[in-house]
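Single-structure report; data block below.
Residue numbers (my numbering): 27 to 286.
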């Protein structure tokens, strides 16, 4: 608006100059207009502050570091699996086919599970409905050579145990001891065997299973397919276990752990 008023004054002045002299008023007007805009452009440049790339980089770094810090804090706050309060606890019981509540139908503890007869399955969830363990078990008098006949499991307050296709399963409290051969179920590095680096091996087989390592309830640290090479399985490999890792073997009778 200021520019329009000033231009109006200059144009009016040019008319007066035309009447008063021979000089070209439009040349003078052009000079004044150029001077006006040139001066304003300089003022604008002076008002603009340059962007300091270093300051920007520092700001970005601070933002990134803040994100990393938050992630680190979240990781530290993540819930770890801890079964220490269940070690060497529990009471022997037989559970029939169906759904059972831990704390009501069976005491919390660590158990070795077998089937009295037949061939059935078991599925266990925790108090937040997350899967803890699923396994098939052979309770026949002459079970298949490569079938699972027993497994270990931790049962905490609020867990649900579902038994299918078999008349009943026996739950015997498991006494923790050092082992170098594990059968299906849950094992704890630092409790059942020392934390460290191990050669893992099993006999040649046409069956497949898995060895999973977890520390938090929502994800696995590692998962290995075992058994038949035809289906991507391995019968020999090396891996490390950290203190407190939960090691779960599934669907194969046993594997051997040889510490390096």
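Beta carbons are placed, not taken as given, at the ideal position from N, Cα and C, and that holds for glycine.
Q) Can you tell me whether DSSP reads residue 110 as helix, strand or coil? A) helix
Q: Verify whether the separation of the beta carbon atoms of residue 151 and residue 157 is less than 7 Å.
A: yes
Q. To the nearest whole angstrom, what separates the beta carbons of residue 209 and residue 252, a pair I think is in contact under 8 Å?
A. No, residue 209 and residue 252 are not in contact; Cβ-Cβ is about 13 Å, not under 8 Å.
Q: With a threshold of 6 Å, establish whether the CB of residue 233 neighbours any heavy atom of the ligand SAH.
A: Summarising the ligand content, the structure contains no ligands, and the ligand SAH is consequently not present.
Q. CB-CB under 8 Å to residue 70, same chain, minus the five flanking residues each way: which ones, in chain order?
A. Because the pLDDT of residue 70 is 47, which lies under 50, any placement of that residue in the model is unreliable, and the number read from its coordinates should be weighed accordingly. Within the same chain, residue 70 has no close Cβ partners at all.
Q. Sorted by chain position, which residues of the same chain lie with C-beta nearer than 8 Å to residue 233's C-beta, five sequence neighbours on each side aside?
A. 172, 253, 254, 277, 278
Q.
Please return the same chain residues whose Cβ sits closer than 6 Å to the Cβ of residue 282, not counting the five positions on each side in sequence.
A. 207, 227
**Q.** residue 177 classed as buried or exposed, judged by whether at least 16 other C-beta atoms fall within 10 angstroms
**A.** buried
Q: Can you tell me which of 243, 244, 163, 273 puts its alpha carbon nearest to the alpha carbon of residue 236?
A: Out of 243, 244, 163, 273, 273 has the C-alpha closest to the C-alpha of residue 236.
Q: Please determine, among 133, 267, 127, the residue with the shortest C-alpha to C-alpha distance to residue 224.
A: 267
Q.
If the criterion is Cβ atoms closer than 7 Å, does the pair residue 241 and residue 130 meet it?
A. no
Q) Can the beta-carbon of residue 162 be found less than 7 Å from the beta-carbon of residue 143? A) no
Q: Whole angstroms is fine: what's the gap from residue 258's alpha carbon to residue 250's?
A: When rounded, the distance between both Cα atoms is 10 Å.
Q: Quick one: measure Cβ to Cβ for residue 189 and residue 195, integer angstroms, because I've assumed they're closer than 8 Å.
A: 6 Å
Q) How about residue 141 and residue 165: are their beta carbons less than 7 Å apart? A) For the pair residue 141 and residue 165, the CB atoms are nearer than the 7 Å cut-off.
Q: With DSSP as the reference, label residue 257 as helix, strand or coil.
A: Reduced to three states, the DSSP call for residue 257 is helix.
Q. Relative to the C-alpha of residue 284, which residue among 184, 217, 262, 269 is closest?
A. 262
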